[in-house]
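The structure appears right after this line, and notes come after that.
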Amino acid sequence: MDVPTPRVSSSLLGQYVGQVVRISGKVISLSPELLIESSDGGQVTVGDSAACGTEITDEFIELVAKVETETRVKTLDCSNLGDKYGRRRFLQISKIDKLAELCPKCFGPTVPGKKEDEPDYIVCMDGNFQHRRHKAASNEIIPLKNPSLFIKPDEVEAMAISMSNNRIADVEPESSSVRTFLS
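Residues in the sequence shown are numbered consecutively from 9, following the working numbering.
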């Protein structure tokens with residue numbers, strides 16, 4: 009094959025629909041269709057085993073196949089891997105495979121449909137951590153700029169004090185800008 013083919017497990021097939029992949033598995037059934045158990049325990053329907061070009065004689069096989077759906081592939085080539093392929097070793101999923109299942113955008117294959125201007129990953133950070141880090145580093149914190157549609161923080165504070173002193177139903181905003189915004 010001229011194009012590199014990624015080796016995948018059944019859980020990653022959905023990300024490769026329409027693409028050629030390699031998948032290893034234990035033969036579960038040969039008829040009416042070839043059915044294999046992938047390294048992650050998921051089942052993959054292979055369809056017509058005659059398209060393989062090689063007679064399937066062993067318990068474990070590797071396929072080069074085009075992914076039709078997230079559970080079905082069309083065989084392009086196949087190899088027998090033997091009966092002593094090492095089921096225990098075969099069924100062990102590597103740490104990177106586990107990470108790829110948890111966050112395919114970070115550790116897995118390129119996600120289909122991703123636009124070029126989209127980031128490859130997004131980092132989320134605890135805001136409190138960031139503020140403490142800036143304060144500890146003696147970086148000046150940039151003053152807050154409120155958009156004109158937002159109520160100013162001092163007006164919000166005034167409303168909170170007013171509500172705590174009066175019943176909520178009797179509270180009337182003190183500022184005309186707040187009254188205009190709320191009505």
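Even for Gly, the Cβ is constructed at its ideal location relative to N, Cα and C. Model, not experiment: these values are computed from the prediction.
- Task: Have a look at Ser47, Leu42, Lys74 and Ser19 and flag the residue whose alpha-carbon is nearest the alpha-carbon of Pro12.
- Result: Lys74
- Item | Span separating the alpha-carbon of Gly50 from that of Phe68 | 15 angstroms
- Message: What would DSSP say about Asn88, mapped onto helix, strand or coil?
- Response: strand
- Euclidean distance between Cα positions of Ser17 and Ser47: Distance between Ser17 and Ser47, taken at the CA atoms: about 6 angstroms.
- Would DSSP call Glu76 helix, strand or coil? Correct three-state label for Glu76: strand.
- Item | Glu78 vs Gly121 beta-carbon contact at 8 angstroms | no
- When you compare only the Cα positions, how much space is there between Pro14 and Val28? 8 angstroms
- Straight-line Cα distance separating Ile159 from Met26: The question names Met, yet the displayed sequence has Gly at residue 26. Roughly 52 angstroms between the two C-alpha positions.
- Message: By the DSSP assignment, the beta strand (DSSP E) with Ile204 in it spans what residues?
- Response: Any question about residue 204 goes unanswered here, given that the chain covers just 9 to 191.
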